[in-house]
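Engineer: The opening position of the sequence shown corresponds to residue 13 in the numbering used here, with each subsequent residue numbered one higher. The beta-carbon is built from N, C-alpha and C at its ideal position, and this holds for glycine as well. Model, not experiment: these values are computed from the prediction. Pasting a structure below so you can have a look.
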Amino acid sequence: MKAGKIMKILVIILVAVIIGGIASMMYIRKNRDKFILDGPGMINTRENEIVGVSYSYGGGMEGESLYYSLTVSENGTTSLFEYSNCQYNGADTVTATKEVSVEYFNNIRIICRQTECLLQAHNGKPSELQLLDAPTSHITFTMLNGELISLHNNYDYHSSCNGLFGMITAEMQNILDNEIQPEDIITTAEN
13 MKAGKIMKIL VIILVAVIIG GIASMMYIRK NRDKFILDGP GMINTRENEI VGVSYSYGGG
73 MEGESLYYSL TVSENGTTSL FEYSNCQYNG ADTVTATKEV SVEYFNNIRI ICRQTECLLQ
133 AHNGKPSELQ LLDAPTSHIT FTMLNGELIS LHNNYDYHSS CNGLFGMITA EMQNILDNEI
193 QPEDIITTAE N
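Below is the structure:
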């Protein structure tokens, strides 16, 4: 008889746990806004704090340099795009500056959200695979409070940042291709 009583108690406890589990799941499902189990927005990736981004590439034996910059206007309705390129040491420098749609800057924010690069920047470690005379690239984000967050292509970052440099340069090149007209380009001869 002892075993029979123990089994009855165990069955009662099991039924109570199942009923309690079903009731709590129904409550959570009914109040989804209060109980976010998973989904976007759970981590503040700080992309809404960005007011400027710049990409620079340069160095190496040939001395090529490339610079892109995109900043949001104070009213937040437009962005200022700046471009500068020198193909090699002693070559003419090509520059352009133009006001563009703020949508381009929103694309940069989306990239930052996807890669979580603003959170991972401080976790970078110098890469052991970088050649000493190879050109280097840098991405610098300017935050609303004036903070600068920099990432370097000769550093190793979390895997979520893989492809960041390619995505940023592709977006900047997209602006250059779609917005900059021949009359916007200024060529400065090297002295």
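Classify K14 as buried or exposed, calling it buried when 16 or more other Cβ atoms lie within 10 Å of its own Cβ.
Structural biologist: Sequence index remark: in the sequence shown, residue 14 carries index 2 (1-based). Label assigned to K14: exposed.
Engineer: Where does M179 land, buried or exposed, given buried means 16+ other C-beta within 10 angstroms?
Structural biologist: Position 167 of the sequence shown holds residue 179. When all chains shown are included, M179 counts as buried.
Engineer: Going by C-alpha distance, which of M73, E59, D104 is nearest V84?
Structural biologist: Taking the first residue of the sequence shown as 1, we reach residue 84 at position 72. Answer by Cα proximity: E59.
Engineer: Just curious, the beta strand (DSSP E) that S66 is in, first and last residue?
Structural biologist: Reading the sequence shown from its first residue, position 54 is the one you call residue 66. That run of the beta strand (DSSP E) goes 62-70.
Engineer: In its own chain, which residues sit with a C-beta less than 6 Å from the C-beta of I48, not counting the 5 before and 5 after it?
Structural biologist: Here the question's residue 48 lines up with position 36 in the sequence shown. Unreliable placement is indicated for I48, whose pLDDT of 48 sits below 50; no coordinate value is reported for it.
Engineer: Can you tell which of H134, S172, I197 has the C-alpha that lies nearest to the C-alpha of I123?
Structural biologist: Residue numbering aside, residue 123 sits at position 111 when the sequence shown is read from its first letter. Ranking the options by Cα distance to I123, first place goes to S172.
Engineer: For N56, which three-state DSSP category applies?
Structural biologist: By one-based count along the sequence shown, residue 56 stands at place 44. Coil.
Engineer: Spatial neighbours of D50 within its chain, please: C-beta separation below 6 Å, excluding the five flanking residues on both sides.
Structural biologist: Against the sequence shown, residue 50 aligns to sequence position 38. No answer about D50 holds up, because its pLDDT of 48 lies below 50 and its placement is not dependable.
Engineer: Would you identify the three-state DSSP class for E191, choosing helix, strand or coil?
Structural biologist: For the purposes of this step, residue 191 is identified with residue 179 of the sequence shown, where counting begins at 1. Three-state result, E191: helix.
Engineer: For the putative contact between T148 and H164, defined by C-beta atoms under 8 Å, what is the C-beta separation to the nearest angstrom?
Structural biologist: Position 136 of the sequence shown, counting from 1, holds the residue named residue 148. Position 152 of the sequence shown, counting from 1, holds the residue named residue 164. Contact flag correct, Cβ pair sits at about 7 Å.
Engineer: Go ahead and pull the three-state DSSP assignment for A133.
Structural biologist: Taking the first residue of the sequence shown as position 1, residue 133 is located at position 121. A133 falls in the helix class under three-state DSSP.
Engineer: In the DSSP assignment, what are the bridge partners of K110?
Structural biologist: Taking the first residue of the sequence shown as 1, we reach residue 110 at position 98. Answer is F93, bridged to K110.
Engineer: What residues match up with I197 in a beta bridge as DSSP calls it?
Structural biologist: Within the sequence shown, residue 197 is the residue found at index 185, counting from 1. Per DSSP, A108.
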